[in-house]
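The structure appears below as structure tokens.
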Amino acid sequence: MYKGKARAHTNIALIKYWGKANKEFILPMNNSLSLTLDAFYTETTVTFSEDLTKDTFYLDAVLQDERGTKKVSQFLDLVRSLARKDLFATVESQNFVPTAAGLASSASGLAALAGACNAALNLNLSEQDLSRLARRGSGSACRSIYGGFVEWEKGHDDATSFAKVIPSNQWEDDLAMIFILINDQQKDVSSRDGMERTVATSVFYDGWLKTSPLDLQTAKEAIAEKDFEKLGVVTETNGLKMHGTTLGATPPFTYWSADSLKAMNRVREIRQLGIPCYFTMDAGPNVKVLCQKKDAAEILAQLETTFSKDQLTCAYSGPGLEYLETDVKA
Ligand code: 2P0
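Structure representation (structure tokens):
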């Protein structure tokens with residue numbers, strides 16, 4: 001029996017990953033830049049054993065059906081071929097997110113699974129190789145191997161596409177991200193399907209591709225200069241641009257709900273009061289507000305006039321992949 005356990009935190013992109021150049025290897029169309037956060041994470045234990053006849057996956061102690069296990073099992077196939085071991089596995093994952101947040105994240109999930117497999121099978125992967133492996137499970141997972149500000153370099157093949165830390169002199173410790181959790185009854189378009197449809201059909205995708213390298217450069221300059229407004233403006237601009245591409249797709253779609261717009265407007269109003277804060281959104285209706293730690297309490301108080309307390313979570317910069325003790329050692 002080979003057993004390993006790891007914890008990975010989720011990350012939110014300030015410059016988004018939106019579109020694949022290669023689906024099999026999950027190579028992105030553009031570089032992305034994220035902040036790893038402390039508030040949301042996944043802990044995963046993997047146990048490979050000769051006694052198992054198939055892979056099983058428990059998420060928050062609930063056994064997943066074949067459909068729910070597919071992504072995990074496909075990832076385990078990659079690990080099995082890397083380790084040259086033909087063993088099935090049991091995967092037990094726990095997502096630590098606020099109740100009913102709907103924020104289950106493939107980024108923290110697949111990064112934790114990659115770490116757990118590395119530990120279980122003594123693969124001794126470098127962080128760079130772990131990032132490459134996590135990427136094969138879910139693109140954004142390659143960024144969750146690291147803490148703080150992280151850039152995923154798109155590269156041009158499996159060997160050259162991985163994430164790395166952006167030097168920041170710990171500036172991320174001065175920042176915060178407030179999550180406005182918006183419950184939404186609409187049927188989801190998964191990020192995987194959404195980006196595929198956008199690349200294939202959106203009349204606005206070209207504009208996204210042409211301008212995201214400059215957004216990335218601006219964000220990296222802002223981090224080097226510790227210029228919060230510059231980072232905030234480019235974060236908001238880049239996120240809006242990503243969401244713009246979905247409206248130009250065939251058929252068109254949006255991740256925004258009425259409450260998402262309400263949240264975005266509140267952020268603009270708070271900004272007009274002279275408190276710097278900027279929003280971003282991912283493949284769902286929740287709105288995330290980038291701000292400076294010193295302003296977080298005031299921004300939360302302002303948001304509480306519109307949203308209930310249990311819709312608001314304040315996160316700070318979080319760490320990279322961590323290995324945890326298992327009860328049984330291999
Ligand atoms: C990001 N998103 O950069 C972007 C912004 C969502 C919007 O990465 O298909 O779950 O597994 O590579 O990583 C979410 O997409 O997609 C994502 P796959 P993933 O965070």
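Under the working numbering, the residue at position 69 of the sequence shown is numbered 69, and the numbers go up by one with no gaps. Where a beta carbon is used, it is the ideal one built from N, C-alpha and C, also for glycine.
> Count the other CB atoms within 10 Å of the CB of residue 199; is the residue buried (16 or more) or exposed (fewer)?
Replying inline: So residue 199 ends up on the buried side.
> Got a sec: does the ligand 2P0 put a non-hydrogen atom nearer than 7 Å to the Cβ of residue 283?
Replying inline: Yes; taking the cut-off as 7 Å, the Cβ of residue 283 has a heavy atom of the ligand 2P0 nearer than that.
>> What would DSSP say about residue 80, mapped onto helix, strand or coil?
In response: Looking at residue 80 - three-state DSSP - the assignment turns out to be helix.
>> Here's the rule: buried if 16 or more other CB atoms are within 10 angstroms of the residue's CB, otherwise exposed. What is residue 16?
In response: By the 10 Å Cβ count, residue 16 comes out buried.
>> If you measure between the beta carbons of residue 230 and residue 236, is that distance less than 8 Å?
In response: No. Outside cutoff.
> Considering only C-alpha positions, which residue in the set 78, 32 and 68 is nearest to residue 123?
Replying inline: Of the residues 78, 32 and 68, the one whose Cα lies closest to the Cα of residue 123 is 78.
> Under 8 Å between the Cβ atoms of residue 28 and residue 171?
Replying inline: No. Outside cutoff.
> Any idea what DSSP makes of residue 151, helix, strand or coil?
Replying inline: The answer is strand: DSSP assigns residue 151 an E or B state.
> So residue 282 is in the alpha helix (DSSP H); what residue range does that whole segment cover?
Replying inline: Taken as a continuous stretch (DSSP letters only), residue 282 belongs to no alpha helix (DSSP H), as it is neither H nor E.
>> Please classify residue 7 as buried or exposed, where buried requires at least 16 neighbouring CB atoms within 10 angstroms.
In response: So residue 7 ends up on the buried side.
> Does the ligand 2P0 have a heavy atom nearer than 7 Å to the CB of residue 139?
Replying inline: Correct: residue 139 has its Cβ closer than 7 Å to the ligand 2P0.
>> Can you list, in chain order, the residues of its chain with a C-beta nearer than 6 Å to that of residue 100? Leave out the 5 residues immediately preceding and following it.
In response: In this prediction, residue 100 has a pLDDT of 47, which is less than 50 and means its spatial position is unreliable; what the coordinates show is noted afterwards. Nothing meets the Cβ criterion.
>> Contact defined as beta carbons within less than 8 Å: I believe residue 145 pairs with residue 126. What is the distance between those atoms, to the nearest angstrom?
In response: With a beta-carbon spacing of about 10 Å, residue 145 and residue 126 fall beyond the 8 Å limit used to define contacts.
> What are the residues that DSSP puts in a beta bridge with residue 92?
Replying inline: When DSSP reads this structure, residue 92 sits in a beta bridge with 45 and 58.
> If you run the structure through DSSP and keep just helix, strand and coil, what is residue 100?
Replying inline: Summary for residue 100: the model assigns pLDDT 47, below 50, so the residue's position carries little reliability; its value from the coordinates is reported in the next sentence. Coil, per DSSP.
>> With distance defined between alpha-carbon atoms, name the residue in 189, 148 and 76 nearest to residue 176.
In response: Selected option, being the one with the closest Cα: 148.
>> What does DSSP give as the partner residue(s) for residue 36 in the beta ladder?
In response: In DSSP, residue 36 forms a bridge with 11.
>> Give me, in chain order, the residues of the same chain whose beta-carbon lies closer than 7 Å to that of residue 228; leave out the 5 immediate sequence neighbours on both sides.
In response: Here the set comprises 276 and 292.
>> Using DSSP's beta-bridge definition, name the partner residues of residue 4.
In response: In the DSSP assignment, residue 4 is bridged to 46.
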